[in-house]
Structure formats: structure tokens, C-alpha cells
Amino acid sequence: MKYGYFDDAAREYVITRPDTPQPWFNYIRNEDWCGLISNTGGGTSFHKDPKYRRFLRYRYNNVPADRPGRYVYLRDEETGDFWSATWAPVEKPLAKFRYECRVGLNYQVVTSEYAGIETEVVYFVSPDHDVELWRFTARNLSGRARKLRAWCYAELNVWGAMRDLVNMDNNPRCTRVEWKDNTLIHSTWNDTGGSLGTQNWVRVYGYVTSSEKPAGYDTDRDMFLGAYRSEANPVVVETGIPNNHCRNGGLPVAAICHDLKLAPGKSKTIVYQMGVADDPREFRKCIPVYRKLAKVDAAFEKVKRSWDARLGKLQAKTPDADFDTVFNTWAPYQAVTTGYLSRSICSWKWGASVGLGFRDTSQDVMGCVHTASDLARLRLSQLLAVQYADGTAAHGFVPDTPEVSDRDFYDDHLWLVLSAANYVKETGDLSLLTDKVKFLDEKPAAGYEHLSRALDATMRLTGKHGLPKIGCADWNDGLVNPGDHNNESVFDAVLFCAACREFVALAEFLGKKADAVKYRRSYETMKARVNKHAWDGGWYRRVWHRKRGWMGAKGLKFGSIFVEPQPWAVLSGVADGKRGVTALDSVWRLLGTEYGIRLHGRPFEDYDPEVGAISIVLPGTKENGSVFHHPNPWVICAEAALGRGEKAMELLRRISPATKNRIAETHQVEPYVFCQWTGLPPFKHVGRGANPWLTGTASWVMVAMSQYILGLKPDYAGLRIDPCVPKSWNEFEVTRVFRGATFHISVRNPKGVEKGVACVTLDGRALEGNLVPAQRKGTSHEVEVTMG
Ligand code: NOJ
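Residue 2 is where the sequence shown starts when you use this note's numbering, and the numbers rise one by one after that.
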């Protein structure tokens with residue numbers, strides 16, 4: 002069964018039926034406003050912070066799964082029949098209901114036709130104000146005059162995501178609503194203090210209004226829906242009579258009613274708008290603006306154009322159409338989204354825990370630094386600010402608040418070194434290294450000093466083999482050994498080596514010779530330890546467990562090989578001689594599946610207290626031996642580093658959204674983005690994807706595709722070109738904006754090699770080597786590359 006297709010020219014995924022295997026989500030957003038929206042209008046919105054400033058309510062764990070949301074109801078005033086423009090929640094029979102949902106970049110357009118009335122709802126957020134807009138149009142296709150009523154409908158949250166969920170005693174007694182100038186204003190007090198003892202009451206204001214004079218309104222959920230009913234059959238829509246009731250208390254909704262009298266062929270547009278502010282006077286600025294259709298349309302165009310500009314910085318035309326679909330639109334879109342949201346709020350995360358993860362954010366910015374360098378800079382500064390003076394870091398943080406979560410996940414600080422170096426190479430902006438940022442527990446120090454302390458921390462925190470202690474956990478959150486932080490992580494060791502190598506290059510670039518010498522020595526020391534203690538014959542082991550010995554070693558009943566250290570042993574240069582190839586061959590042989598690479602050999606059957614959280618999840622799911630997607634692009638990068646372009650592309654194909662679109666019924670989740678994991682035996686749903694959208698996979702796929710397959714690697718002095726492609730790729734083209742200059746790069750591969758560059762010319766001049774020097778901002782250049 003197919004549910005949709007990619008419309009590459011429009012940069013949209015088109016969902017052709019509303020009953021997708023699960024609700025499929027998208028994000029509508031600007032810098033500060035964010036909405037999660039499903040293909041049938043379900044979802045939630047928040048302003049700045051999903052934990053404390055949640056505007057639209059959403060019931061996670063609901064049945065159906067995506068309720069409530071942003072609905073527009075219609076009622077035929079002659080027959081009394083009613084339906085909803087996004088199919089749900091009324092859900093008219095599909096035989097009578099035409100539907101299409103265009104999933105766009107930060108917008109969503111749902112078109113439908115029922116009973117001779119075509120409707121379109123365009124959902125997006127203004128790029129200029131923190132205002133969510135639903136541009137609703139009804140057109141009469143029936144050939145006779147029609148009299149209709151329409152309602153927008155949204156449930157309002159009482160700001161605090163957790164408070165809204167758990168405090169049913171207090172919440173309905175506190176809600177304050179007002180109907181004035183055809184606008185609903187909701188201003189319930191919200192506690193941002195976290196506990197009874199630390200209450201901090203803040204008044205937040207939200208509004209909902211429309212562009213046309215209403216026929217009536219409802220503000221109370223129970224009165225609008227009616228007893229023993231749901232969003233599927235609100236009593237007000239069934240009877241067609243609004244209550245025009247507005248009193249404090251209860252559960253607030255915004256249900257604004259309009260009359261639509263449509264002559265044959267005629268249409269009517271109503272724009273619903275909503276926003277949040279600390280001072281309601283702010284609303285007066287926006288309301289008149291977005292009551293004007295021309296302004297709404299201009300704002301929508303701006304959303305589209307901003308994505309064209311952003312994605313235009315890196316576009317490719319290759320012999321593989323699937324590659325282009327993912328590379329040119331969906332992977333960068335997802336990577337920017339993860340850069341904004343980390344793992345905070347999606348269909349499987351409530352947005353109520355500690356904001357952004359340290360390791361996640363560090364990696365997320367790597368995939369969007371070329372498209373969103375300001376965001377990357379902001380995130381990197383925030384990361385530096387939640388590092389401790391000893392070099393380690395807080396595992397999570399809520400931007401702009403003092404809120405941080407636990408520490409001692411000993412991979413966290415290492416990612417920062419990699420992403421900071423990546424940022425400087427991409428942008429040439431050294432301020433990240435020279436600006437002083439305060440440690441969480443000490444005076445400010447330059448960014449460069451923060452990075453060196455991160456490396457020093459790992460060198461200091463080592464165990465009996467001299468390998469890094471794992472702390473609470475390394476990248477694999479599931480591999481925790483409760484109570485013992487002293488197990489040693491081979492993964493952290495190879496990650497350290499990668500970070501160290503990066504730092505040596507940075508120190509050399511900055512002329513800091515003593516540091517280059519010091520960290521080269523650290524690199525060699527750690528590399529030797531890994532090769533001495535952790536090589537298992539066919540692959541690198543995973544963890545030295547103080548009670549169980551080596552995990553990820555040959556002959557173990559469970560978890561005999563883990564993927565994570567293998568690609569990083571290659572990428573860090575730790576894997577000497579043939580070890581890299583041997584390790585990756587073992588990965589394919591022992592962990593390769595049609596859905597990608599399994600995280601580790603034979604999953605754990607049941608809870609094993611010494612192994613920890615990995616064993617509580619069902620075998621074949623999540624960290625317990627599913628295809629956990631995030632390390633898959635690491636393998637792609639490592640394959641490309643070894644020059645095996647066929648293998649790199651084959652793995653990309655297995656995990657690609659374009660592939661998932663062909664098996665959407667099995668895969669179930671949104672096929673236009675990567676999800677976190679795919680189920681494998683013995684899990685009963687083999688091939689089913691889970692946890693879409695907010696996964697580190699997106700960012701790493703961007704890195705793998707751009708830097709390793711297409712081989713355009715930012716370096717301190719320019720762009721290094723070293724593609725690794727399938728033999729059949731005889732040519733491809735890339736447009737790459739690098740530090741403000743545009744490079745049109747044509748690559749020819751006359752000998753059908755997988756890797757190797759024979760010559761590079763810049764504007765017709767042959768270069769020595771494969772480094773294209775950075776050029777002046779605003780200039781445009783032709784680069785010709787011949788592989789061979
Ligand atoms: C998801 C977490 O957000 C990420 O930090 C972690 O690395 C992976 N799960 C693997 O456990």
C-alpha cells in the first residue's frame with residue numbers, strides 16, 4: 002500500500018489518503034513558535050518552551066493517537082450534515098471524501114472535498130511574528146448555492162505541560178478566559194517553579210481570533226463537545242448553534258463560528274490566528290496584520306522562500322534520484338529541525354523533560370551548520386555554558402534557564418570538540434574559540450580552553466586498561482551498569498581519538514604547537530591502548546565490564562559484537578592496517594539486515610541487572626538489537642573513508658526514507674524523515690519503524706552524504722574534495738555555498754572508480770591537490786573534478 006509520494010519540485014511529500022498507518026507529523030515553526038501537526042490536523046503548539054509555555058493541548062497516549070489538534074468543522078445548514086476539513090476528527094467515509102495533505106517545509110496544506118465543497122487549510126507560522134496561522138478556504142463545487150457554517154477548534158493548554166496533565170484538581174479552577182473584539186484571550190497563571198516549595202507564578206497570555214466577523218463562539222470544552230461526546234461529534238456542530246458563552250473556569254477551547262454563503266463556484270477564505278505573549282498589548286500589533294489576506298499570503302511565501310534560500314546552499318544532482326530527494330530536501334530539513342528541538346518534543350516525546358541533550362545537540366548541529374550556521378553558533382555557545390570546569394558536561398539543559406540535568410555521561414564532552422571544529426571549518430568563525438564562556442561551576446574561559454579541558458577529562462577519567470570510564474553511559478543510553486561508573490568504554494576511547502585528532506589539526510591551524518604535540522601524544526597513547534586491549538580478532542570490543550569482563554566480544558551468548566566502536570575505530574584512524582576493513586566486514590556479516598545495520602549481536606532476552614537498561618526493552622527493539630539508525634551513517638562514513646562507495650551507498654539505500662516510502666505499510670512511521678529504530682526479530686513487528694523525526698540519524702546522514710559520499714569536506718583553509726561513490730556514478734554536480742562564495746562543482750568519473758581524485762580545477766586553473774581554497778563572499782566559481 003502506498004500512502005504518498007515525494008514531489009521534489011515543490012519540496013513536498015504528498016500524502017494521498019488520511020488513514021496512514023499512524024498519524025504522520027510535521028512541524029510548523031519560526032524561531033520561537035513551534036507546532037507539531039499531523040496529517041489530519043492533530044497536534045500541539047508552544048511558544049519558546051514546550052515545558053512551560055505550551056499553548057495547544059495534546060493528549061499523548063490518546064486513542065486515536067493524534068487528538069486533539071487544529072480542526073475546522075463544516076456544517077451544511079440545509080441538511081445538518083457535518084464534517085471536518087482535515088478528515089479527522091469527524092472521519093467521513095473515504096469513498097465520499099477526497100483528501101490530500103502536502104507536507105511542506107514548516108507548513109502543511111490539507112485539501113479535501115466532501116458533499117460538493119472543496120476545502121483547503123494551510124497551516125504555518127509567520128516568520129515575522131510569533132503567530133500561528135490557519136488559512137482556511139471553502140469553495141462550492143456543487144453547482145448550487147450553499148449555506149454552511151464553519152468552526153475552528155483548538156483546546157488550550159494551561160501552559161505547564163506537566164501541570165496540565167496531572168493537576169486536574171487545580172487547573173479547571175484557574176483558567177481565565179475573555180472574549181473581546183471577536184478575540185478569545187486565555188491568561189491562566191502558570192507555575193514555573195517546579196515544586197510546591199519553589200512556586201513561581203507567571204501569567205502568560207494567549208489569543209485566538211479570525212479574519213472575518215464571527216457568527217458566534219464557544220470557549221468551554223464541555224459545552225462545545227457535549228456530554229458523552231468527543232471531537233468527532235461536538236454537540237454545537239451537530240446542532241449548529243454556538244453558545245456564545247465565555248466564563249472563567251473549566252477547560253478552555255477556541256471554537257469560533259462563521260457563516261459561509263457560497264454561490265456556485267464561489268469560495269470564501271477565513272484566516273484563524275493565534276499567539277502568545279507576556280503582555281496582551283503585544284497582540285494588538287499582530288491581530289490587524291494577519292486579518293489581511295495579502296499579509297498572510299506574503300508571510301506564507303516568505304516561509305517557502307526562506308527554505309529555498311537555506312537549502313539552496315547545498316544541492317546535488319546525481320545519477321540516483323532517491324539520493325537527491327533525501328539530500329536536497331528531507332535530510333537537511335530534518336537536521337535543522339533536530340538542531341532546534343534536539344529530542345524535546347515530537348509524537349513520542351512530551352516536551353516536558355530537560356530541554357536539549359548535550360550529546361544530541363552537539364551532533365545535531367553538525368548536520369545543519371551549513372544551512373543554519375547562526376543556530377549552530379547559538380547551540381555551541383549554550384553547550385559551552387553547561388560544561389563543568391573539569392571538562393565534563395551536564396547531560397541536558399533548558400536554554401535560557403538555569404535548569405540542567407545529571408552529569409557524568411563521559412561521551413558528552415567529546416562530541417563538543419568534533420562539532421566545534423566542524424563549525425569553525427564551515428564558517429571560518431574563530432570567535433567560538435576565542436570568546437570567553439563561563440563554566441557551570443567556574444570563571445569564564447575561551448572556547449578553545451573548554452575543548453582542551455574536555456579532552457583532558459577523558460585522559461584523566463580512565464580505568465584499569467587506561468580506557469575511558471563510561472560514567473553513567475556513553476552514546477548508548479541503554480548500556481548502563483547501575484551503580485558502577487568505572488566500566489571502561491571502547492566507544493569513548495575511539496571517539497576520544499577522533500576528537501583528539503580533530504583538536505590537533507585545530508591547534509596546528511592556530512599555531513599552538515605545544516598543544517598539537519601534547520594531544521598527538523594523547524591520541525597515540527589511547528590508540529595503542531585500544532589496539533592492545535580491545536581488538537577481538539574480527540572487531541573491536543565494546544565495554545570492559547568490571548563484573549563480566551569484555552562485552553561485545555566473540556563467543557558471548559548476548560551482545561557479541563556492537564556496531565558503535567567499529568566505524569569510529571576507522572574514522573579516528575585507530576584501526577591499524579587491515580583492522581578497519583576486517584571490523585566493517587564483520588559488521589556487515591554479523592549485523593547486516595535488509596533494513597540497515599543491527600546495533601549489536603543477539604539481543605538480551607530479559608532484564609539483566611548487570612547489563613542494565615538495554616535488557617529491559619524487548620529484544621529486537623531500541624538499543625536492544627534493533628536497527629538503531631543513528632550509528633548507520635557512521636558506518637556509511639567509515640565505508641567511504643575506506644574507499645568502499647558501493648557499500649556506503651548500499652547502506653544509505655537500506656535506511657533511506659525513499660526506500661521506506663516503498664514499504665510504508667510495513668514501516669508505518671513518516672516515510673519522509675528518518676526514524677530512530679526499526680524492529681528486528683525476535684520483535685514481532687519486523688521492519689516497523691519507531692520514533693520518527695528527532696533522531697541523530699538526520700544530522701549524521703547529512704554529514705555522510707555531503708562530506709563522505711559527495712566528498713565535500715570543509716577544512717580550515719577551504720573545501721576539500723574527495724568523493725566516494727558507486728562505480729556506476731559517472732558524473733554528478735553539486736552547488737555548494739561555502740563561507741558566502743558559491744561553488745558549482747562538476748565531478749566526472751570516467752574510469753568508474755569508487756574513490757580517488759585525479760585532478761581539480763578552479764575556474765579553469767588546475768589546483769595542486771584536492772583543496773579548493775575559500776573564496777571571497779558573494780563570488781561564484783566553477784570547480785571541475787575528475788575522479789580516477
Ligand atoms: C537517544 C538519545 O537521545 C541519544 O542521546 C542516545 O545516544 C541514543 N538514544 C542511543 O542510546
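Just so you know, even glycine gets a beta-carbon here, dropped at the ideal spot from N, CA and C.
Member of Thr-526, Leu-185 and Leu-376 whose CA lies at the smallest distance from the CA of Cys-247: Considering only alpha carbons, the answer is Leu-185.
With distances taken Cα to Cα, identify the nearest neighbour of Leu-640 among Met-706, Phe-605 and Gly-313. One detail in the question is off: residue 640 reads as Glu in this sequence, not Leu. Across the set Met-706, Phe-605 and Gly-313, the C-alpha of Met-706 shows the shortest separation from the C-alpha of Glu-640.
Between Asp-716, Asn-633, Arg-230 and Leu-480, which has its C-alpha nearest Leu-419's C-alpha? Checking every option, the nearest Cα to that of Leu-419 belongs to Asp-716.
Any chance the CB of Glu-624 is under 7 Å from a heavy atom of ligand 1? True, at least one ligand heavy atom lies under 7 Å from that Cβ.
What number of angstroms, rounded off, separates the C-alpha of Leu-263 from the C-alpha of Val-290? Rounded to whole angstroms, Leu-263 to Val-290 spans 26 Å at the Cα level.
Is it the case that the stretch 148–162 contacts the stretch 249–264, given that we only count it when at least three CB pairs across the two stretches are under 8 Å? Here the stretch 249–264 makes contact with the stretch 148–162; the two share three or more CB pairs at distances below 8 Å.
Tell me whether the beta-carbon of Ile-664 lies closer than 8 Å to the beta-carbon of Gly-688. Less than 8 Å separates the beta-carbon of Ile-664 from that of Gly-688.
Specify the secondary structure class of Val-272 as computed by DSSP and reduced to three states. Three-state result, Val-272: strand.
Can you check DSSP and say which residues form a bridge with Gln-388? DSSP lists Ala-394 as the beta-bridge partner residues of Gln-388.
Under a Cβ-count criterion, where at least 16 other Cβ atoms within 10 Å of its own Cβ denotes burial, should Glu-671 be classed as buried or exposed? Flag for Glu-671 reads buried.
Under a three-way DSSP split, which group does Phe-524 fall into? For the record, residue 524 in the displayed sequence is Tyr; it is not Phe. It is helical.
Reduced DSSP secondary structure (H/G/I, E/B, other) of Lys-49: Note: Lys-49 maps to coil in three-state DSSP.
Alpha carbon to alpha carbon, how far is Val-438 from Phe-137? If I take the Cα positions, the gap works out to 47 Å.
Taking only beta-carbon atoms, is Asp-223 less than 8 Å away from chain C? No chain C is part of this structure, which consists of one protein chain only.
Is there contact between the stretch 441–453 and the stretch 532–545, where contact requires at least three CB pairs shorter than 8 Å? They do not touch, by the three-pair rule.
Just reading off the beta strand (DSSP E) that Tyr-208 is part of, what are its end residues? Segment 206–211, the beta strand (DSSP E) holding Tyr-208.
Out of Asp-298, Leu-511 and Lys-269, state which residue places its alpha-carbon closest to the alpha-carbon of Leu-142. Nearest of Asp-298, Leu-511 and Lys-269 to Leu-142, Cα basis: Lys-269.
Checking 8 Å against the spacing of the C-beta atoms, do Pro-568 and Trp-635 come in under that value? For Pro-568 and Trp-635, yes; Cβs fall inside 8 Å.
Residue span of the beta strand (DSSP E) that contains Lys-318, given as start and end: Per DSSP, Lys-318 belongs to the beta strand (DSSP E) from 315–318.
Is the beta carbon of Asn-477 within less than 7 Å of some heavy atom of ligand 1? At least one heavy atom of ligand 1 sits closer than 7 Å to the Cβ of Asn-477.
Between Leu-431 and Leu-381, which are expected to be in contact by the criterion C-beta below 8 Å, what is the C-beta distance as a whole number of angstroms? Actually they are not in contact, since the Cβ atoms of Leu-431 and Leu-381 sit about 13 Å apart, beyond 8 Å.
Of the listed residues Ala-699, Val-784 and Val-674, nearest to Gly-105 (C-alpha basis): For Gly-105, the nearest C-alpha among the options comes from Val-674.
Nearer than 7 Å: is that true of the beta carbon of Arg-599 relative to any heavy atom of ligand 1? No - ligand 1 has no heavy atom lying nearer than 7 Å to the Cβ of Arg-599.
Could you tell me the boundaries of the beta strand (DSSP E) in which Cys-287 lies? For Cys-287, no beta strand (DSSP E) segment is defined; the enclosing uninterrupted segment is the alpha helix (DSSP H) at 282–287.
Considering only heavy atoms of ligand 1, does any lie closer than 7 Å to the CB of Pro-631? Note that residue 631 is His in the sequence shown, not Pro. It does: the Cβ of His-631 is within 7 Å (strictly closer) of some heavy atom of ligand 1.
Got a sec: does ligand 1 put a non-hydrogen atom nearer than 7 Å to the Cβ of Arg-721? With a cutoff of 7 Å, Arg-721 does not count as near ligand 1, since its C-beta is closer than that to no heavy atom of the ligand.
Considering Asp-586, what are the terminal residues of the beta strand (DSSP E) in which it resides? Counting along the chain, Asp-586 falls outside any beta strand (DSSP E), though it belongs to the alpha helix (DSSP H) covering 580–592.
For the alpha helix (DSSP H) that contains Ile-637, what are its first and last residues? Counted as a single uninterrupted DSSP element, the alpha helix (DSSP H) harbouring Ile-637 occupies residues 632–642.
DSSP beta-bridge partners of Cys-676: Cys-676 is bridged by DSSP to Pro-693.
Does the Cβ of Arg-292 lie closer than 7 Å to at least one heavy atom of ligand 1? False, no ligand heavy atom lies under 7 Å from that Cβ.
Could you check whether the Cβ of Arg-12 sits closer than 7 Å to any heavy atom belonging to ligand 1? For Arg-12, the shortest C-beta to heavy atom distance toward ligand 1 is 7 Å or greater.
Any non-hydrogen atom of ligand 1 within 7 Å of Asp-365 CB: No, since every heavy atom of ligand 1 falls outside the 7 Å radius drawn around the Cβ of Asp-365.
Using a threshold of 8 Å, state whether the C-beta atoms of Tyr-206 and Pro-281 are closer than that. Yes; because the gap between Cβ atoms is below 8 Å, this pair is in contact.
Which residue comes first and which comes last in the alpha helix (DSSP H) that contains Pro-65? DSSP places Pro-65 in no alpha helix (DSSP H); its state is neither H nor E.
So the candidates are Glu-302, Glu-283 and Met-275; which of them puts its Cα closest to the Cα of Arg-292? Nearest C-alpha to Arg-292: Met-275.
Would you tell me roughly how many angstroms separate the C-alpha atoms of Lys-558 and His-601, rounded to the nearest one? Cα to Cα, Lys-558 sits roughly 12 Å from His-601.
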